[in-house]
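In UniProt numbering, the protein residues as written are 1 to 215.
Cβ coordinates follow ideal geometry from the N, Cα and C atoms, glycine included.
The structure appears right after this line, and notes come after that.
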């Protein structure tokens with residue numbers, strides 16, 4: 001494992017820690033898209049179907065369990081916690097995520113590395129992760145309710161993807177025959193979706209003003 005992969009994993013994990021701390025500290029999930037959280041949970045469930053059948057390393061297994069556990073914990077807080085769930089922006093978080101899930105599923109059936117159930121489902125998770133942030137970005141744009149912790153959460157998710165791109169570049173030049181077109185293209189698409197947010201995040205940080213996205 002190289003430094004870019006490790007840093008990417010830690011930043012990814014930190015993004016979820018920041019989100020859980022925000023929800024617990026404020027007893028509110030206002031500004032957080034439940035639809036994006038459900039999509040990420042679906043991503044992790046599909047990607048880690050081999051959790052108990054394909055042991056790679058203790059680090060790998062631990063990270064899978066942590067991401068699954070954290071994702072389900074966030075869903076519980078937003079759906080089941082009697083105080084927190086009433087703060088959910090249900091009327092604003094209306095992105096129809098079937099328009100993301102169905103095309104990703106179809107694409108996974110058409111373009112994959114091997115015609116096996118595990119491979120197709122894993123490929124679906126790669127495609128879906130690339131667009132799972134869209135409901136969150138749309139919600140932030142609609143409500144303009146972007147507190148520092150929510151902004152940091154989305155920024156960390158984008159930074160994680162940027163670090164993974166550096167990881168792929170490093171591996172391409174250091175590992176023979178390392179080519180993963182599906183992962184690369186999906187990751188680039190995901191990064192592009194964050195660019196507009198990054199611009200306004202950095203601009204607000206430099207000017208020391210509240211983050212706001214153009215409506």
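In the three-state DSSP reduction, residue 35 falls in the helix class (H, G or I).
Per DSSP, the unbroken alpha helix (DSSP H) holding residue 9 starts and ends at 3-26.
In this structure, 113 is the residue among 46, 88, 80 and 113 with its C-alpha nearest to the C-alpha of residue 182. With 16 or more other CB atoms across the displayed protein chains lying within 10 angstroms of its CB, residue 130 is buried. Following the DSSP letters along the chain, one finds residue 64 inside the alpha helix (DSSP H) bounded by residues 58-79. For the pair of segments examined, the stretch 14-32 was found not to touch the stretch 103-117: the number of CB pairs separated by less than 8 Å stays below three.
Nearest to residue 80 by alpha-carbon distance, out of 28, 93, 50 and 55, is 28. Between residue 89 and residue 171, the CB-CB gap reaches or exceeds 7 Å. When the five nearest sequence neighbours on each side are left out, the beta carbons in the same chain lying within less than 6 Å of the beta carbon of residue 77 are those of 23 and 84, in order along the chain. Short of 6 Å from the beta carbon of residue 95, and not among the five residues preceding or following it, lie these beta carbons of its own chain, in chain order: 35, 135 and 138. The beta carbon of residue 153 sits closer than 6 Å to the beta carbons of 15, 18 and 19 from its chain, once the five residues preceding and following it are set aside; these are given in chain order. One Cα belongs to residue 103, the other to residue 204, and the distance between them is close to 35 Å. Sixteen is the threshold: when 16 or more other Cβ atoms of the shown chains lie within 10 Å of the Cβ of residue 12, as they do, the residue is buried. DSSP, reduced to helix, strand and coil, places residue 130 within a helical segment of the structure shown. Annotation: residue 198 to residue 71 spans about 24 Å, alpha carbon to alpha carbon. In the DSSP annotation of this structure, the continuous segment of the alpha helix (DSSP H) that includes residue 174 starts and ends at 148-174. The three-state secondary structure of residue 214, taken from DSSP, is coil.
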